[in-house]
Each structure stands twice: as structure tokens, then as C-alpha cells.
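**Q** Taken in sequence, the protein lines are chains D and R.
If you're matching positions, the first sequence starts at 1 in full-length UniProt numbering and goes up one per residue.
If you're matching positions, the second sequence starts at 1 in full-length UniProt numbering and goes up one per residue.
Ideal Cβ placement from N, Cα and C applies to all residues, glycine included.
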Amino acid sequence: MTSLETRIEQAKKQLDDQVREVVNWHFDPEKGTPFWLKYAASLDFDPRDRIRGYDDLKLLGTFEDAWLRKTPVREWIPQGFAGRPVSVFETGGSTGVPKSRINIEDYRTDYELFSSTLSDEAFPKGADWLMVGPSGPRRLRLAIEHLAQHRGGICFMVDLDPRWVNKLIKAGKHTEFTAYRDHVVEQALVRLKTHKTIECLFTTPKLLEAICEKIDLADVGIKGIFCGGTEMNAQFHRFAKEELVPTIEFVPTYGNTLMGLACHKPYQNDGDYTITYYPPLPRAVFELVDPDQPDRRVAYGETGRVRLTTLTKEFFVPRFLERDEGERAEPTEWYPWDGVSNLRLFTRFSESVVVGVY
Amino acid sequence: MLHVPVLRAGKAYRSLNTQTLHDIRSGEPLALVSQANSGLIARDLNQTAAYQQTLAAIPAQKLYDMSNQAADLFLEATLPVDPIDGVMQSREEFIRCQSGTTGLPANMCAANMEKVATALRMTKTIIDGLSQGANQDTLNRAYRREADALGAILPSNSPGVHALWVPTPAMRIPVMLRPGSQEPWTPMRIIQAMIAAGYPPAAFGFYPSDHAGANEILIRCDRALFFGDARTVDAWRGTGRIQIHGPGWSKMILGPDALENGEQHVDVLTQAIAANGGRSCVNTSAVWAPPGSRAIAEALAKKLAGIKATALDDPNAQLAGFTNRRLAHLLDERIEAQLAQGGAEDLTAKYRGGPRLVEIDNTLFLQPTLIWCDHDHPLASAEYLFPFAAFVEVEPDQMAEKLGPTLTLSLISEQESLINAMLDSPHIDRINIGALPTNTVRWDHPHEGNLFELLYKRRAVQFAAS
Numbered sequence: 001m002t003s004l005e006t007r008i009e010q011a012k013k014q015l016d017d018q019v020r021e022v023v024n025w026h027f028d029p030e031k032g033t034p035f036w037l038k039y040a041a042s043l044d045f046d047p048r049d050r051i052r053g054y055d056d057l058k059l060l061g062t063f064e065d066a067w068l069r070k071t072p073v074r075e076w077i078p079q080g081f082a083g084r085p086v087s088v089f090e091t092g093g094s095t096g097v098p099k100s101r102i103n104i105e106d107y108r109t110d111y112e113l114f115s116s117t118l119s120d121e122a123f124p125k126g127a128d129w130l131m132v133g134p135s136g137p138r139r140l141r142l143a144i145e146h147l148a149q150h151r152g153g154i155c156f157m158v159d160l161d162p163r164w165v166n167k168l169i170k171a172g173k174h175t176e177f178t179a180y181r182d183h184v185v186e187q188a189l190v191r192l193k194t195h196k197t198i199e200c201l202f203t204t205p206k207l208l209e210a211i212c213e214k215i216d217l218a219d220v221g222i223k224g225i226f227c228g229g230t231e232m233n234a235q236f237h238r239f240a241k242e243e244l245v246p247t248i249e250f251v252p253t254y255g256n257t258l259m260g261l262a263c264h265k266p267y268q269n270d271g272d273y274t275i276t277y278y279p280p281l282p283r284a285v286f287e288l289v290d291p292d293q294p295d296r297r298v299a300y301g302e303t304g305r306v307r308l309t310t311l312t313k314e315f316f317v318p319r320f321l322e323r324d325e326g327e328r329a330e331p332t333e334w335y336p337w338d339g340v341s342n343l344r345l346f347t348r349f350s351e352s353v354v355v356g357v358y
Numbered sequence: 001m002l003h004v005p006v007l008r009a010g011k012a013y014r015s016l017n018t019q020t021l022h023d024i025r026s027g028e029p030l031a032l033v034s035q036a037n038s039g040l041i042a043r044d045l046n047q048t049a050a051y052q053q054t055l056a057a058i059p060a061q062k063l064y065d066m067s068n069q070a071a072d073l074f075l076e077a078t079l080p081v082d083p084i085d086g087v088m089q090s091r092e093e094f095i096r097c098q099s100g101t102t103g104l105p106a107n108m109c110a111a112n113m114e115k116v117a118t119a120l121r122m123t124k125t126i127i128d129g130l131s132q133g134a135n136q137d138t139l140n141r142a143y144r145r146e147a148d149a150l151g152a153i154l155p156s157n158s159p160g161v162h163a164l165w166v167p168t169p170a171m172r173i174p175v176m177l178r179p180g181s182q183e184p185w186t187p188m189r190i191i192q193a194m195i196a197a198g199y200p201p202a203a204f205g206f207y208p209s210d211h212a213g214a215n216e217i218l219i220r221c222d223r224a225l226f227f228g229d230a231r232t233v234d235a236w237r238g239t240g241r242i243q244i245h246g247p248g249w250s251k252m253i254l255g256p257d258a259l260e261n262g263e264q265h266v267d268v269l270t271q272a273i274a275a276n277g278g279r280s281c282v283n284t285s286a287v288w289a290p291p292g293s294r295a296i297a298e299a300l301a302k303k304l305a306g307i308k309a310t311a312l313d314d315p316n317a318q319l320a321g322f323t324n325r326r327l328a329h330l331l332d333e334r335i336e337a338q339l340a341q342g343g344a345e346d347l348t349a350k351y352r353g354g355p356r357l358v359e360i361d362n363t364l365f366l367q368p369t370l371i372w373c374d375h376d377h378p379l380a381s382a383e384y385l386f387p388f389a390a391f392v393e394v395e396p397d398q399m400a401e402k403l404g405p406t407l408t409l410s411l412i413s414e415q416e417s418l419i420n421a422m423l424d425s426p427h428i429d430r431i432n433i434g435a436l437p438t439n440t441v442r443w444d445h446p447h448e449g450n451l452f453e454l455l456y457k458r459r460a461v462q463f464a465a466s
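(1) Look up residue 9/D in the DSSP assignment and say whether it is helix, strand or coil.
(2) Quick check on DSSP: helix, strand or coil for residue 212/D?
(3) Is it buried or exposed for residue 417/R, if we count other Cβ within 10 angstroms and need 16 for buried?
(4) Taking CB distances under 8 angstroms as the criterion, tell me whether residue 178/D reaches chain R.
(5) For residue 157/R, which option in 342/R, 184/R, 132/R and 413/R has the closest C-alpha, if you only look at C-alpha atoms?
(6) What does a CB cutoff of less than 6 angstroms around residue 119/R pick up in its chain, not counting 5 residues either side in sequence?
(7) From this set, 283/R, 133/R, 69/R and 432/R, which residue's C-alpha is nearest residue 196/R's C-alpha?
(8) At least one CB of chain D closer than 8 angstroms to the CB of residue 240/R: is that the case?
(9) Spell out whether any CB of chain R is found under 8 angstroms from the CB atom of residue 361/D.
(10) Counting only Cβ pairs nearer than 7 angstroms, list the residues of chain R close to residue 166/D.
(11) Counting only Cβ pairs nearer than 7 angstroms, list the residues of chain D close to residue 15/R.
(12) Helix, strand or coil, according to DSSP, for residue 374/R in the structure here?
(13) Using three-state DSSP, classify residue 312/R as helix, strand or coil.
(14) Please state whether the Cβ-Cβ distance between residue 370/R and residue 348/R is less than 8 angstroms.
(15) Kindly indicate which residue of 141/D, 123/D and 319/D has the alpha-carbon position closest to the one of residue 222/D.
(16) With H, G and I counted as helix, E and B as strand and the rest as coil, what does DSSP make of residue 351/D?
(17) Hey, quick one: how far does the beta strand (DSSP E) through residue 342/D stretch, first residue to last?
(18) From residue 39/R to residue 102/R, what distance separates their C-alpha atoms?
(19) Looking at residue 207/R: is its Cβ nearer than 8 angstroms to the Cβ of residue 176/R?
(20) Can you give me the C-alpha to C-alpha distance between residue 357/D and residue 153/D, rounded to a whole angstrom?
(21) Do we get a CB-CB distance below 8 angstroms when we pair residue 355/D with the residues of chain R?
(22) Write down the C-beta distance between residue 217/D and residue 248/D rounded to the nearest angstrom, noting that I regard them as a contact closer than 8 angstroms.
(23) Just to confirm, is the Cβ distance from residue 284/D to residue 308/D under 8 angstroms?
(24) Can you tell me where the alpha helix (DSSP H) with residue 230/R in it begins and where it stops?
(25) To be precise: take each residue of the segment 269-298 of chain R, compare its Cβ to all Cβ atoms of chain D, and keep it if any distance is under 9 angstroms. Which residues remain?
(26) Under three-state DSSP, which class holds residue 80/R?
(27) So which of 337/D, 277/D and 176/D has the shortest CA-CA distance to residue 325/D?
(28) Which of helix, strand or coil does DSSP assign to residue 41/R?
(29) Out of curiosity, what's the CA-to-CA distance linking residue 244/R and residue 233/R?
(30) With a threshold of 8 angstroms on Cβ separation, who are the neighbours of residue 323/R within its own chain once the five nearest residues in sequence on each side are excluded?
(31) What does the alpha-carbon distance come out to for the pair residue 422/R and residue 142/R?
(32) Residue 156/D and residue 165/D: beta carbons closer than 8 angstroms?
(33) Who are the near neighbours of residue 449/R in its chain, counting only those whose CB is closer than 6 angstroms to its CB and skipping five residues on each side?
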């Protein structure tokens, strides 16, 4: 069996290979991405010559938040993909104007890779799904349906507009907030009770709590719950496992419009409910960095701000400082690269941002 | 480290999500406080009908006796604070922790313990006063219970406010408490004292949590008390089921007849402004007097300026320290900025002989401040967490008209027309007539609403003649 050290080295090499392939693609004058080609014109070097691996990405500086908010979206479509159907997905908008990301096949690839981490007992092939969560301009709208279809199921949908929920909460309209939550939950209950083929559920933590107040999900045949869409901490993980859905497999997951879909280190029945996410390397990678000196990677176990790099032929985002922080987690047998534990809103943003309300 | 748990139906539960409380002087961590996730709170609050049943059959006199015993236990006993690890807390340790995390001087912590104990001892008197003597053992013959539990979103500023909710279990209604983030100590100690005195543990929920958790309590409890600043509580006004305890804007008013020997009232005015470190909603934030009152204002300023910041463990300490250093600086800067607009003068500045903001023993204090200004100046209606008041000259015949929201008004005057004008005012919650400071509170009187009337509604019950 290959040692963990060897697998870590293999992952690093895979990452460097991916960096070269993606940089060559996005900076290719014929097939490349208009945004990156314009950016390259402002550099005194050709990124294809100088960027030979992940560490060289720092030559491109730091990816700026505003680029995804203000750049015309078509400038992100690689010329090599001209004519392909394009979707656009938006981030939550909790830190201002939403960031937009184009998508062609990435979400399908991400969710197919994620699918391979799900147990067939809890998420049976051919079983139908219910998705209760943020849809609209979000990737989840198509991604969960694709996951269900990829596993041979059909996906029933109940949509939720988290921006409206945020507005209600910010305005202190608690009655309206409760009414809207109940409206969403009622729709979910109707589908769960009507369609006996539904065995898998995607929903958010808050909606899971609200649904579980009304119904025992095991009684209506749910076997697996894929939970995400917003931040989740160890206490919620434990609460879900011990009280909300003790007999159902509960998979907490972190997705991010810019990154793709992370995988969670499986719970080991050891009382350690810490949620540790691992990015889908080599398609994306996290670094945990010192917020005041972003070039310093923090030590394992130390708190840092998440710096994300996304590396696909559809979308290239190098060294983007995310709105999240967490503790740097060590590579594991399942994921021989760095992860992040206790992911949460970056402390310095937390006073002004409403999240986790859905 | 000490770990203050969540209490679910009185049973300790340790959350994986914790908040660390530090001693504001040394920065030393004092305790971890378990934070309840909102789903957990919601799940528990669905059980409140069952919790209420644990109180339903207990005779009123027994409830009063248990509250009376709880008063002694609260004051003197060593009580559980971390039941999971079997950690107990003595009175002395309680005061040390409370002073350390809230900035209240130790002597004020002890004084506030007395307030809470008094309310526990007076439970029967309070309930009789608020219910106008309704027979508590046959209550459902005349009243409908409006809630299975009373929620309470509690503050950190002054532990004396806990006196407001402590009669609730004796009204046979469980309490679901969200403590102030810096002050889990008092509600935990009251609960443990009441359980030790014989109250059923299921009558108590203790849920340190974030705003989402607080909202869950406010949404799910049919009746609740909500302590908070104006911006926070405004969204919950007007529901009829939530009793709001926001800023007090309490006032002392001197009538024309009080001016002649006005300086004799300086001690009462000083107490109204500065008692309990100026942290209570019943502390005066404005003194109104007819034109010609400058001499009284000067005398008051001189007296207030004599109150100096001292270490929190000084037995004669009169000022509380700020837990949030940034807030102390911001308030000081805001006052200076508003003074700079003109039309206002810090009367205390010349007597104080130094800055308003001082640091003693690694603790920031804002020292007493009396502002001389017009009624329309922004500082005339400001309310801050230290002894701060505006002294405003207002024509007596305009006082009632200009009053605005006032939790407690003390009117020093025997002039009938002025007394009647104040009694007729729709803005005042509590009125003292005579030289009583605004912080003179009787718990058997309504305070920002009547707790009994919040929890029980009069109704008709008829039996057919047999």
C-alpha cells in the first residue's frame, strides 16, 4: 500500500500538472479566456512560460473580488468553448453585489466526483431525491438534480430564495420570515408524503431543523441526507446525528460557487464531530493563510483565512481570498492534501454579513 | 477551565460551540460558555407544555416558600455552576466571575444580589400586587394562561433586572432564558437556587446563544421579555406578546417650587444618575428644570464629578468598567463630537479635572458627565452605559408635551397642575411624585408592563346552576 507521504507527493504533482494545463489553456491566444488574455497583456511575462506549478501562481498576484462582480460575464468564457451552452451561477450576495461564475460542464463533473463518495446504502442508486434549498441563480438548482440523475434518480424540487430571507431578517420582519419558512417546509412535506420513491434529501441546516419538527424523516423513507448550502459547525453536526436524524446517514458538505464541491471527512463514530472539508484537488485547492500576511501559510491547527484557487478549463481563479476562515487540517488517507476545519465566516466580516439564515 | 453549560429542562448539556469569557482586567480566560444552536432551542421549546405541567399542581404557598428559600440559597449557598464536572460556585466566586466579565464593581455585584434575593423573597407580594390579589390556586376560574413558557432575552448590563422574571415560575410558568453574553452568572445561579429549593428542573431552560437563538425564543415562546438597545428591540415592538425593555430615558423633573432650595435635591439627583454605575434603565438620563436652574446644575455637576473611577475590587467603587474597550472610546468620541456642534456644555469637565475616559487597573471607565444643553440638542436625549445625563431647562407648561418615552419619571414638585399633567401623560411607565430618585423601584408595581397581565388574561367562566 502506498504511504500517505507518497500520496501527498503524488497529489502535489497532480496539482502542478493541472496548473500548467489550465494556465496554458486560459492564456492561449486562440482558445483562452478574454479576461485572462487582457490580464496577460498587462504583465511583462507570458504566464505559460513562467508558471510551471502551483507555487508559481503567485506571479499572477491576488485575484480580486471585484473582477467577478463587475467583469462582463462573457469575458470569462474561454474562446475554445465558443458555442457551448453556458450557465451562469451566482454567489449568495451576502458581501455585496453577487459574484458570477460561468459553467458549462464543471458542476456536472464536480457532483459526479462527489457522488462517488456517497454510500449506495444511504443514497441508493435509482432512488429519487428531494432538493429543498436555494435555487434561482445558484448552482444547487442544477447540481442536485444532476446528482440525482447521475445516480439514476429523479429530483423533486422545492425552491427557497435566501436573499429574501436575509432581507426579512435584516428588516426584523420575523413574522414574515416564519411564514416563508413554513411555506417552504409545507411544500417539502407534501412531496415527502406523496412520492414514496424519495429516499434521499438535500437541504440546508435550518430547513432540516424545520422539516424535522414536523416529520420523522426515517418514517417517510429517507435514508440519506446531503446537507449544505451554508456554514455548518460541529455542534450542528452532532445535533443532527444525535437528535434530528439519528438513524439516517447525514453528510455535511461545503459547496462554493467558485470552487465546486468539497468533501467532508467521514464521521468515525468517535464523538469527534469536527467538520473538516477537503477541496476537490486538483480542480480546486485551499490554502489557510495569515489574514495580515497572506503569503504566510498558517501551521496545521492554526486559524487562517481561506485562499481558494480554482483550476478547471472552464474557470480559472488563482489565489482568491475567500470570506471564510478555519483551521488548517492535515492530509488524510481519503484526501492526501490540506483541508479546513470549522469553516466559518471570516471574523472581520461577521459583524456586517447575514449568513446561515437558510 | 470552568464550563457553563446549556440547561435543557434543567439538565446540563455541553455544546461543542463555546464562547470564552475573559476577565476584562487581566484578559485571563474565566470560563467557557456553551452556546445552544437555534435548532436545539426550537426542539426544546416544542416541549414547553410538558414542562409547564411540572409546575401546574404545586400549591401557591409552596411555590412562595420555595422562592423564599431560593433567596437565601442564591445569596449564600455554594451552588452548581458546571454540573457536568460537579463544579460548584460560592458567593465569593460568583462575585469574582461576575465582576470580571461584566466590569461591575464587586460591591455592586453584591448589591444586585440583594435586589434579586428581595424579589425572590417578595414573590407572593409581587404576584399579589401585579394580579391585584387574584387567588393563585383557583386562577383558571378567572384567568386564561397565555403561554406555556416565558422566554427572556436578558442583558449583561445590570444583574438587578433579573428581579423582573424571577416571580414567573411561582406563577406556574416555566422560563426559557437566553442570558446576556457577558453575564451568564446570575440567571444560572437563580435557576440552581430555585431547583435546590424544590422547583422542578423542567421549569428552567438556559440557552446562551447567538442572535438566531434569541430569535428562536422570541418566535416560539408565546410570551417573552426582551431586553436590548433601541435598534434591537424595535423589530419586536407592537406584537402584544413581547414585553420590550429597551432604553429607559428616565427623567428627574424639578418643578418651579423645587428651585428655591434646589441644591437640597442634589443628592437625590446624583443617586438617580449614578447609582449602580449608571447602568440601569431606571437611571436618570435627563434632568429637566424651569429656566433659572443653572446653579442647581452646577452643584449637581460638582457632586457628580466627585465620583471617580477606582479599581473594581475597591469596596467603595461607584463606577463600572467597560467590557468593550472600543465602545468606551466610541462613546467618549461621540460625546465630544456632539459637544463640538455647539449649544451644549460639559458642566462636569471643569470639576472633573481630567479626561472623561480613564484607565484604572487595565479597565476603561467613563467618568460621570452632566451636559447643559437645549431640549433639541442630540445630547438631551442620549442614554449611555455610565453616569451620564443632560440638564435641560424647560418651561413647566411645556414639560408634559415635550416629554417623550420615559420609563421612570420622578417629579419633585407639589404643584397640582404639573403633577396632573404628568399623571395624564401617555409616555410615562412609572411615576414617582416627590424627592425619590428614578431608581427607586418596587417590584410589586408594573415595570414596562405588568408581568402577570402578560402571562394571564382575565376571562369569564360560568357554571350552569345545578
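**A** On the basis of the data shown:
(1) DSSP places residue 9/D in helix when its eight states are reduced to three.
(2) Helix, per DSSP.
(3) Counting the other CB atoms within 10 Å of its CB gives residue 417/R a total below 16, which places it among the exposed residues.
(4) Using a Cβ-Cβ cut-off of 8 angstroms, residue 178/D counts as an interface residue toward chain R, since at least one Cβ of chain R sits closer than that to its own.
(5) Answer by Cα proximity: 184/R.
(6) Correct list, in chain order: 163, 166 and 443.
(7) The residue with the shortest Cα to Cα distance from residue 196/R is 69/R.
(8) Answer no: the Cβ-Cβ gap between residue 240/R and chain D never drops below 8 angstroms.
(9) Residue 361/D is absent from the structure shown; chain D starts at 1 and stops at 358.
(10) Within chain R, no residue comes near residue 166/D; the closest Cβ sits about 13 angstroms away, beyond 7 angstroms.
(11) Within 7 angstroms Cβ-Cβ: 235.
(12) DSSP, read as helix, strand or coil, puts residue 374/R in coil.
(13) If DSSP states are grouped into helix, strand and coil, residue 312/R belongs with coil.
(14) Closer than 8 angstroms, so yes.
(15) Ranked by Cα distance from residue 222/D, the first of 141/D, 123/D and 319/D is 123/D.
(16) Model confidence at residue 351/D stands at a pLDDT of 49, short of 50, so the residue's coordinates are unreliable and nothing is read from them.
(17) From DSSP, the beta strand (DSSP E) with residue 342/D extends over 339-345.
(18) Straight-line spacing of the CA atoms in residue 39/R and residue 102/R works out to 28 angstroms.
(19) Cβ atoms of residue 207/R and residue 176/R: closer than 8 angstroms.
(20) In this prediction, residue 357/D has a pLDDT of 30, which is less than 50 and means its spatial position is unreliable; nothing more can be read from the coordinates.
(21) In this predicted model, residue 355/D has a pLDDT of only 35, less than 50, meaning its place in the structure is not dependable; the value taken from the coordinates is given anyway. With 8 angstroms as the cut-off, residue 355/D does not count as an interface residue toward chain R.
(22) The pair is a contact, with the Cβ atoms about 6 angstroms apart (cut-off 8 angstroms).
(23) Their beta carbons are under 8 angstroms apart, which means residue 284/D touches residue 308/D by this criterion.
(24) Its alpha helix (DSSP H) spans residues 230-234.
(25) Within the segment 269-298 of chain R, no residue has a Cβ that lies closer than 9 angstroms to any Cβ of chain D.
(26) DSSP places residue 80/R in strand when its eight states are reduced to three.
(27) Looking at the Cα atoms, 277/D is the closest of the given residues.
(28) The three-state secondary structure of residue 41/R, taken from DSSP, is helix.
(29) Their Cα atoms are separated by approximately 7 angstroms.
(30) Around residue 323/R, the same chain offers 24, 101, 102, 103, 156 and 182 as residues with beta carbons nearer than 8 angstroms, after the five sequence neighbours per side are excluded.
(31) Cα atoms of residue 422/R and residue 142/R: separation of roughly 33 angstroms, rounded to the nearest angstrom.
(32) Contact: no.
(33) Hits under 6 angstroms: 243.
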